[in-house]
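As structure tokens, the structure follows; a few thoughts come after it.
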Amino acid sequence: MTSYWIDIKKCPNCDCEFAAWNVGSCNTFGSTFYTNGFLNGPMYDEGVDLLACPGCNKYFWWDDLPTRESMRDSQYFREQRSLPNASRVSDYEDVLKQAPWKNEVQEKNLRIKAWRELSVRYSDFTQTVELPSVQEENLLRLLQLLDTNSLDDSIMKADVFRALGRFDECLEQLARPFDDEYLRAINAIKKLAIRKKRHVGVVDLEDCLKEWCNTTSGPYLRPFVPNPRWRDAEVMIIGENPATPLRDEYSSFNEYWD
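Following this line, the structure appears as structure tokens:
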């Protein structure tokens, strides 16, 4: 379940009073994880730092606008408040052109957010990747901002190299030792780089397949044949066959097949 705090703020540009929704709690159950760090889930909300006034559409950083009143979402609804909501950024190309950041921390966070949001446009492996110029410029600048002393930034830098088509640099970036918790993401990026794929990829492919196969009409569907290289497939045909249940009692497809 996702819960929110509602901060009441006032735009200094047009005096519009609005409600800004701040994430109180959320979880990643049922979420899909992508190689660039993007996470898409029914109960997940990353939250925002940059707000757009619903009155004049001017951008403001959350902390730059004083909070006039703060309350839980339940109280907000109970009191039947009806203020307009702060607009979430919908056009990251426009944001990148306006460059509203005041320091490199804000710039880095906004460029990462822009990359993740814009990468949805090239998540389809059947299409050729053509990065828009604003996104390519964004990634080139992001390379300069990422700190390779940070493991998270180092992995992100590798995937930026891959998105730019610089596959050798991507693999070189991942040649250092990493903790086990990072290996699933690293392996996903490596496999795509070796195949010279620039699309944003799914990290937990096997978990996604389990979810797709766990339906009420099968109850399970057959997603693949016993091919040891099934993870490298670009196409998977999923059809009804309850003789192949990929259930949670198996930690992996290979364990199930054995």
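Be aware that the sequence shown starts at 5, since it is given in our numbering, and climbs by one per residue.
Using N, Cα and C, we set each Cβ at its ideal position, and we do this for glycine too.
It should be emphasised that the depicted structure is a prediction, and the values quoted were computed from it without experimental measurement.
Here aspartate 77 has Ser7, Tyr8, Trp9, Ile10, Trp25, Gly28 as same chain residues with Cβ atoms under 8 Å from its own Cβ, once five neighbours each way along the sequence are excluded. In the three-state scheme derived from DSSP, where H, G and I count as helix and E and B as strand, arginine 166 is classed as helix.
Taking a C-beta distance under 7 Å as the contact criterion, valine 109 and leucine 54 do not qualify as a contact pair.
When the beta-carbon positions are compared, valine 204 and phenylalanine 37 stay at least 7 Å from each other. When the beta-carbon positions are compared, leucine 69 and lysine 13 come within less than 7 Å of each other. In the three-state reduction of the DSSP assignment, arginine 180 falls in the coil class, being assigned neither a helical nor a strand state.
In the DSSP assignment, tryptophan 9 forms a beta bridge with Asn26, Arg76.
When rounded, the separation of the alpha-carbon atoms in aspartate 156 and glutamate 176 is 16 Å. Residue range 63–65 is occupied by the beta strand (DSSP E) that includes tryptophan 65. With respect to the 7 Å criterion, tyrosine 63 and proline 104 are classified as neighbours on the basis of their beta carbons.
In the assembly as shown, leucine 146 is a buried residue. Its beta-carbon has 16 or more other beta-carbons within 10 Å.
Taking all protein chains in view, the Cβ of aspartate 163 is crowded by 16 or more other Cβ atoms within 10 Å, so the residue is classified as buried. Per DSSP, the unbroken alpha helix (DSSP H) holding alanine 118 starts and ends at 108–122. Beta-bridge pairing by DSSP links leucine 55 to Phe64. In the displayed model, phenylalanine 37 falls within a strand according to three-state DSSP.
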